[in-house]
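Participant: Input: one structure, supplied below.
2 protein chains.
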Amino acid sequence: MLKGHQSWTFENKPVIVSSATVVGPFEGDGPLGDDFDIIHGDSRLGQDSWEKAERTLMEEASSLAIENAKLTKDQVQFYVGGDLMNQIISSSFAARTLAIPYLGVFGACSTSMESLAIAAMLVNSGSAKYALAGTCSHNATVEKQFRYPTEYGSQKPPTAQYTVTGSGAAVVAEKGIGPVITSATIGRVIDMGISDPFNMGAAMAPAAVDTIQAHFRDLEIEPSYYDLIVTGDLSKVGYQIALDLFEKHKFPIKQTKYNDCGMMIYDYDRQMVQAGGSGCGCSAVVTYGHLLNRMRKGELRRILVVATGALLSPLSYQQGESIPCIAHAVSIEAGEVSV
Amino acid sequence: MLKGHQSWTFENKPVIVSSATVVGPFEGDGPLGDDFDIIHGDSRLGQDSWEKAERTLMEEASSLAIENAKLTKDQVQFYVGGDLMNQIISSSFAARTLAIPYLGVFGACSTSMESLAIAAMLVNSGSAKYALAGTCSHNATVEKQFRYPTEYGSQKPPTAQYTVTGSGAAVVAEKGIGPVITSATIGRVIDMGISDPFNMGAAMAPAAVDTIQAHFRDLEIEPSYYDLIVTGDLSKVGYQIALDLFEKHKFPIKQTKYNDCGMMIYDYDRQMVQAGGSGCGCSAVVTYGHLLNRMRKGELRRILVVATGALLSPLSYQQGESIPCIAHAVSIEAGEVSV
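Right, here's the structure in full:
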């Protein structure tokens, strides 16, 4: 139900009964490699286009999440999915393969938590017994669409981020064993006038801070409630700006640990990723892989995942527009520990 | 709550307390002209790009719907919106202007009913007091993105459809005066192998039929329950295919009136629109303008709006893919009649 101005509390505590993550070789080689279910050795996945490779990531993660939940596709009522591609083709074509009634969503890289929040809402309200939330991105498709084909080898400034090749999906259920979703905060669009598509972290940081502050205001809790707050993919530059904004707003972020998925997925010393990771797949695989694994092991009890999205298009950029950004937050708490 | 396999019933009967429609000159000149709130004389709306014109349609329809509901923007908790543009920039930039917490959705031309179904779900479950649903399309932006810039004057086959320049928005509320939303059916992706982007109606018809049949199966009612069933934008070609499919499946569509928004918005004799209208704005302005007006006047008591979407992208088409399609249905019934 509505709590405060823009948050939902889920009194029936929808359960994440399973999740699955599928990544490319570069992500598999990173510090979270052990947390991913499938690591492809070939980032093309044997497909004849990068777009088909991205779709395959989504299909594999979705199918595996359903399988991990010991369900069949026809037991899942709704698939809530989206991605960064024009007309979210990766998700829509995956939905064709899955043949599950489909709600396409778009929040750029915030799609991971937008889809999870909606899936939780559906289950909490009795509108679904099982809902699948998923998203994906692929380094080669995203770089090609938003900037330059990777084959060009164009140089990038240190503020640029490296799009994650990966897909994460989760099955949310009325009951079962696993972490539970307790609340969500839906963000509003924040645009501080930044127009450099090679500095998304800086553009998105104010949206992340706005949603985090709204979450604690709406829920009437303090940051210390959580063991960990993670933003989606602000990476180094955006993370520092978020810290500065918290300090300026006198927001007590220091009560808890605060990290960023874009800073967690790669090894800055070994992997050349400029400011860090990004893409819909970034927060999805870090959350559905690494963080849920830590919750299942009992290392984390309560986390707030704040996925951030830059809602530009190449065309809006070419027309001189600045970058509107958004962030959606989902609170996940340990349920019954699975053994 | 979940009803059958893929439908929701809204036991708290969320009310469409207001709606607003904004269209271009060509739509204003059509047979439904009197039903639209704002008819622009210049399809550029005084903006310096077609994309900015489209966004302005969305901003105007949203603001007017909120004003018509006698609300201010900060009383509306969530804006659920989407459109056909890459990265749904029209809706996202409108969300920046509105500053209302935003759920971006994408279902191509089915977005009108996807957004309305989600808005109804939010209000029905107590997750919002007021939710705004809206979508838009513009002939010049869509033709440019999916086919050719209109300035080229390229010829079109008779199966092609004419993208509507228009935006429709509705405010859904917990209580109030107006038509109520009683149920929704979320479609699955259907792809019968059609790959011609100049024949969307044929591609989408099977998805419309699939969702309509699912709706009646899930709700355990017959077509005679409704005064009118309208599909989104199948237009002449797709409408005939839908009729053929109903006959083949022995589905009693003849129990009620069945029409299509794409066949209603233009005058085939006077306006050169090939098979008829299309675009996210088509079902939005026909529903939020014409059909709701007829309900408010008491001419219609129960309608089922089945918005259809073709989930292709120019890139998926260029890569030789067929067109995955979807349809979402929303049932609207007369509430207290507004005077």
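Residue numbers (my numbering), protein chains in the order written: chain A, 14 to 352; chain B, 14 to 352.
C-beta: ideal position from N, C-alpha, C; glycine also.
1) Give the secondary structure of residue 259/A by DSSP, where H, G and I count as helix, E and B as strand, and everything else as coil.
2) In the structure shown, what three-state DSSP assignment does residue 304/A receive?
3) Can you round the beta-carbon distance between residue 274/B and residue 240/B to whole angstroms, since I take them to be within the 8 Å contact cut?
4) Counting only beta-carbon separations shorter than 8 Å, does residue 21/B have a partner in chain A?
5) Given this structure, state the Cα-to-Cα distance separating residue 61/A from residue 153/A, to the nearest angstrom.
6) If we ignore side chains and look at the alpha-carbon of each, how far apart do residue 192/A and residue 299/B end up?
7) For chain B, find out if any of its Cβ atoms is closer than 8 Å to the Cβ of residue 18/A; answer yes or no.
8) For the alpha helix (DSSP H) holding residue 136/A, just list the boundary residues, first then last.
9) Can you give me, in chain order, the residues of the segment 133-144 of chain A that have a beta carbon less than 9 Å from any beta carbon in chain B?
10) Using a threshold of 8 Å, state whether the C-beta atoms of residue 13/B and residue 248/B are closer than that.
11) Any chance the CB of residue 285/B is under 7 Å from a heavy atom of the ligand GDP?
12) Could you please tell me which residues of the segment 53-76 of chain B, in chain order, have their CB closer than 7 Å to any CB of chain A?
13) Between the alpha carbons of residue 310/A and residue 303/A, how many angstroms are there, rounded?
14) Report the option in 210/B, 22/B, 130/B, 168/B whose CA atom is closest to the CA atom of residue 184/B.
15) What would DSSP say about residue 314/A, mapped onto helix, strand or coil?
16) On the three-state DSSP scale, how would you describe residue 351/A?
17) Which whole-angstrom value describes the C-beta separation of residue 67/B and residue 151/B, a residue pair presumed to lie in contact below a C-beta threshold of 8 Å?
18) For residue 121/A, return the contacting residues in chain B, with the cut-off set at a CB-CB distance below 9 Å.
19) How long is the line joining the alpha carbons of residue 268/A and residue 33/B, rounded to whole angstroms?
20) Return helix, strand or coil for residue 287/A, following the three-state DSSP convention.
21) Nearest chain A C-beta to residue 15/B closer than 8 Å, yes or no?
22) Throw me the rounded Cβ distance for the residue 90/A and residue 142/A pair, which I believe falls under 8 Å.
23) Is there a Cβ from chain B that is less than 8 Å from the Cβ of residue 48/A?
24) Quick one, which of 211/B, 31/B, 202/B, 228/B has its alpha-carbon nearest residue 387/B's?
25) Chain B beta carbons: is any one of them nearer than 8 Å to that of residue 329/A?
26) Residues of chain B with CB under 9 Å from residue 90/A, in chain order?
27) Buried or exposed, going by whether 16 or more other CB atoms sit within 10 Å of the CB of residue 348/A?
28) Going by beta carbon distance, what residues of the same chain come within less than 7 Å of residue 23/A, once the five residues before and after it are set aside?
29) How big is the Cα-Cα spacing for residue 236/B and residue 265/B?
30) So for residue 37/A, helix, strand or coil by DSSP?
31) Checking contacts by CB at 8 Å: is residue 129/A closer than that to chain B?
32) Cβ atoms of residue 218/B and residue 301/B: under 8 Å apart, would you say?
33) What is the rounded straight-line gap between the Cα of residue 167/B and the Cα of residue 161/B?
34) Buried or exposed: where does residue 352/A fall if 16 or more other Cβ atoms within 10 Å of its Cβ makes it buried?
35) Round the Cβ separation of residue 221/A and residue 244/A to the nearest angstrom and send it over; I've been treating them as touching at under 8 Å.
Facilitator: Concretely, from the data shown:
1) Reading the first sequence from its first residue, position 246 is the one you call residue 259/A. Helix at residue 259/A.
2) Position 291 of the first sequence, counting from 1, holds the residue named residue 304/A. It is helical.
3) Reading the second sequence from its first residue, position 261 is the one you call residue 274/B. Reading the second sequence from its first residue, position 227 is the one you call residue 240/B. No, residue 274/B and residue 240/B are not in contact; Cβ-Cβ is about 16 Å, not under 8 Å.
4) Working through the second sequence from its first residue, we reach residue 21/B at position 8. Cβ-Cβ to chain A under 8 Å: yes for residue 21/B.
5) Along the first sequence, read from residue 1 onward, the residue named residue 61/A stands at position 48. Along the first sequence, read from residue 1 onward, the residue named residue 153/A stands at position 140. So the alpha carbons of these two residues sit roughly 13 Å apart.
6) Reading the first sequence from its first residue, position 179 is the one you call residue 192/A. Reading the second sequence from its first residue, position 286 is the one you call residue 299/B. In a straight line, the C-alpha of residue 192/A is about 44 Å away from that of residue 299/B.
7) Numbered from its first residue, the first sequence carries residue 18/A at position 5. Judged by the 8 Å Cβ criterion, residue 18/A is in contact with chain B.
8) Counting from 1 along the first sequence, the entry for residue 136/A is found at position 123. Note, residue 136/A: alpha helix (DSSP H), 124-137.
9) Residues 134, 135, 137, 138, 139, 140, 141, 142.
10) Limits of chain B in this structure are 14 at one end and 352 at the other, which puts residue 13/B out of reach.
11) Ligands are entirely absent from the displayed structure, and the ligand GDP is therefore not among its contents.
12) 62, 64
13) Reading the first sequence from its first residue, position 297 is the one you call residue 310/A. Reading the first sequence from its first residue, position 290 is the one you call residue 303/A. Cα-Cα distance, rounded: 11 Å.
14) Position 171 of the second sequence, counted from the first residue, corresponds to residue 184/B. Considering only alpha carbons, the answer is 130/B.
15) In the first sequence, the residue the question calls residue 314/A occupies position 301. In the structure shown, residue 314/A sits in coil (DSSP, three-state: anything other than H, G, I, E or B).
16) If you number the first sequence from 1, residue 351/A lands on position 338. Unreliable placement is indicated for residue 351/A, whose pLDDT of 47 sits below 50; no coordinate value is reported for it.
17) Counting from 1 along the second sequence, the entry for residue 67/B is found at position 54. Counting from 1 along the second sequence, the entry for residue 151/B is found at position 138. That belief holds up - the Cβ atoms of residue 67/B and residue 151/B are roughly 4 Å apart, short of 8 Å.
18) Numbered from its first residue, the first sequence carries residue 121/A at position 108. 100, 105, 117, listed in chain order.
19) Along the first sequence, read from residue 1 onward, the residue named residue 268/A stands at position 255. Along the second sequence, read from residue 1 onward, the residue named residue 33/B stands at position 20. Computed Cα separation, rounded: 46 Å.
20) Counting from 1 along the first sequence, the entry for residue 287/A is found at position 274. Correct three-state label for residue 287/A: strand.
21) Within the second sequence, the letter at position 2 stands for residue 15/B. It does: the Cβ of residue 15/B has a partner Cβ on chain A nearer than 8 Å.
22) Residue mapping note: residue 90/A aligns to position 77 of the first sequence, counting from 1. Residue mapping note: residue 142/A aligns to position 129 of the first sequence, counting from 1. The pair is a contact, with the Cβ atoms about 6 Å apart (cut-off 8 Å).
23) Residue mapping note: residue 48/A aligns to position 35 of the first sequence, counting from 1. It does not: the Cβ of residue 48/A has no partner Cβ on chain B nearer than 8 Å.
24) Here chain B covers residues 14 to 352 and nothing more, so residue 387/B does not appear.
25) One-based indexing of the first sequence puts residue 329/A at position 316. For residue 329/A, the answer is yes, since a Cβ of chain B falls inside 8 Å of its Cβ.
26) Along the first sequence, read from residue 1 onward, the residue named residue 90/A stands at position 77. Against chain B, the beta carbon of residue 90/A has neighbours under 9 Å at 15, 18, 19, 199, listed in chain order.
27) Within the first sequence, the letter at position 335 stands for residue 348/A. Buried, because 16 or more other Cβ atoms sit within 10 Å of the Cβ of residue 348/A.
28) Looking up residue 23/A in the first sequence gives position 10. Contacts found: 133, 137, 194, 195, 196.
29) As a working note, residue 236/B is residue 223 in the second sequence. As a working note, residue 265/B is residue 252 in the second sequence. Rounded to whole angstroms, residue 236/B to residue 265/B spans 7 Å at the Cα level.
30) In the first sequence, counting from the first residue as 1, residue 37/A sits at position 24. Three-state result, residue 37/A: coil.
31) Translated into positions along the first sequence, residue 129/A becomes position 116. Judged by the 8 Å Cβ criterion, residue 129/A is not in contact with chain B.
32) By one-based count along the second sequence, residue 301/B stands at place 288. By one-based count along the second sequence, residue 218/B stands at place 205. Cβ distance not < 8 Å, so residue 301/B and residue 218/B don't count as in contact.
33) Within the second sequence, residue 167/B is the residue found at index 154, counting from 1. Within the second sequence, residue 161/B is the residue found at index 148, counting from 1. Across the structure, residue 167/B and residue 161/B are spaced so that their CA atoms are roughly 7 Å apart.
34) On the first sequence, position 339 is the one that residue 352/A refers to. Only weak support exists for where residue 352/A lies, its pLDDT of 44 falling under 50; the coordinates are left without a value.
35) The residue given as residue 221/A occupies position 208 in the first sequence. The residue given as residue 244/A occupies position 231 in the first sequence. Contact between residue 221/A and residue 244/A is confirmed by a C-beta separation of about 5 Å, below the 8 Å threshold.
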